[in-house]
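Notes follow the structure.
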Amino acid sequence: MPDGNFRFGVALGGGAFRGLAHIGVLQALEARGLRPDCIAGTSMGALVGGVYACGMNLRLMERFCASIDEKDLVDVALPTEGIIAGNRIELLLRTLTGNRRFDQTQIPFAAVATDLEMGERAVLREGLLYQGIRASISIPGIFKPCRLGGRTYVDGGVVDRVPVTTARDMGADFVLAVDVGYHGGPAQCEGIARVILHSLEIMEWQVMQHTVNTADFLLVPKLAHINPASIAQAEECIRIGREEMERRMPEFLEALEKKRAACLEAGA
Numbered sequence: 226m227p228d229g230n231f232r233f234g235v236a237l238g239g240g241a242f243r244g245l246a247h248i249g250v251l252q253a254l255e256a257r258g259l260r261p262d263c264i265a266g267t268s269m270g271a272l273v274g275g276v277y278a279c280g281m282n283l284r285l286m287e288r289f290c291a292s293i294d295e296k297d298l299v300d301v302a303l304p305t306e307g308i309i310a311g312n313r314i315e316l317l318l319r320t321l322t323g324n325r326r327f328d329q330t331q332i333p334f335a336a337v338a339t340d341l342e343m344g345e346r347a348v349l350r351e352g353l354l355y356q357g358i359r360a361s362i363s364i365p366g367i368f369k370p371c372r373l374g375g376r377t378y379v380d381g382g383v384v385d386r387v388p389v390t391t392a393r394d395m396g397a398d399f400v401l402a403v404d405v406g407y408h409g410g411p412a413q414c415e416g417i418a419r420v421i422l423h424s425l426e427i428m429e430w431q432v433m434q435h436t437v438n439t440a441d442f443l444l445v446p447k448l449a450h451i452n453p454a455s456i457a458q459a460e461e462c463i464r465i466g467r468e469e470m471e472r473r474m475p476e477f478l479e480a481l482e483k484k485r486a487a488c489l490e491a492g493a
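Per this note's numbering, the very first residue in the sequence shown carries number 226; after that it's consecutive.
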């Protein structure tokens with residue numbers, strides 16, 4: 226395999242606002258001159274990955290997260306399908322992505338959601354990008370489900386918290402998986418949002434353990450103390466992601482080069 230055909234992909238997992246750590250991970254990679262050839266994202270991983278795939282500057286993304294008031298993102302709905310209607314989030318996503326379609330991103334990108342009626346993983350790679358991201362972040366009980374093309378979608382983490390398989394299917398030879406979710410142990414569960422989020426996290430953790438280990442490199446930033454239901458700790462979350470990627474950079478580069486060499490040898 227010629228070196229130019231070696232593809233490095235990232236699988237950015239869900240974890241509500243803990244997923245802002247993905248910004249820091251991508252910052253650390255960029256500092257080493259590394260940009261992924263493809264991105265697969267679930268939930269907040271889809272939001273960060275999708276906006277990054279459109280070309281948004283990571284420092285600008287960080288400053289935006291630090292300045293936003295989460296109250297501006299909430300439009301309360303009659304709780305028939307979810308607490309939050311999601312119209313404000315949808316408008317923000319449309320703005321951040323420039324209303325681009327999936328085929329207009331600078332980096333190939335896929336958002337993973339859950340098809341609620343079929344009970345299976347849905348990989349979204351067509352149509353308007355903001356709608357795919359909105360589908361992927363639709364946490365059951367928190368957001369109203371997203372309806373697209375006659376299908377009903379909820380958060381991708383229900384079936385695939387860290388979308389390693391999707392990154393492979395996009396042609397990645399080497400997959401860096403970033404898992405920002407729950408990994409066992411005690412957690413604060415006060416308030417309806419945290420109760421719902423933590424219940425889902427427990428389920429997601431059980432489901433994903435057999436797939437995340439298929440990644441070529443797994444990064445797990447230490448985020449247990451971060452409130453997943455609040456953006457208040459955004460700067461700290463991003464810093465933790467950046468520092469963890471920097472700390473493990475020597476291991477990561479070694480694993481990347483080994484896989485590259487193996488692919489070159491196999492294609493010789």
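For glycine and all other residues, C-beta sits at the position ideal for the given N, C-alpha and C.
Proximity to residue 341 across 269, 260, 373, 318 peaks at 373, based on C-alpha coordinates. Secondary structure note for residue 380: it is in no alpha helix (DSSP H), and the uninterrupted beta strand (DSSP E) holding it is 376-380. Rounded to whole angstroms, the separation of the alpha carbons of residue 362 and residue 404 is 16 Å. Its chain contains 244, 266, 318, 358, 361, 362 as the residues whose beta carbon lies nearer than 8 Å to that of residue 272, once the 5 sequence neighbours on both sides are disregarded; these appear in chain order. With a threshold of 16 other beta carbon atoms within 10 Å, residue 447 falls short and is exposed. Cα atoms of residue 310 and residue 326: separation of roughly 23 Å, rounded to the nearest angstrom. The residues 265, 348, 349, 350, 391, 395, in chain order, have a CB closer than 7 Å to that of residue 335 in the same chain once the five nearest residues on each side in sequence are set aside. Apart from sequence neighbours up to five positions away, the residues of its chain that approach residue 251 with a beta-carbon distance below 7 Å are 277, 283, ordered along the chain.
Residue 388 sits close to residue 236, with the two beta carbons spaced by under 8 Å. Sorting 473, 471, 385 by C-alpha distance to the C-alpha of residue 439 places 385 at the top. Residue 406 and residue 370 have their alpha carbons spaced roughly 21 Å apart. Checking the DSSP bridge columns, you'll see residue 340 partnered with 345, 378.
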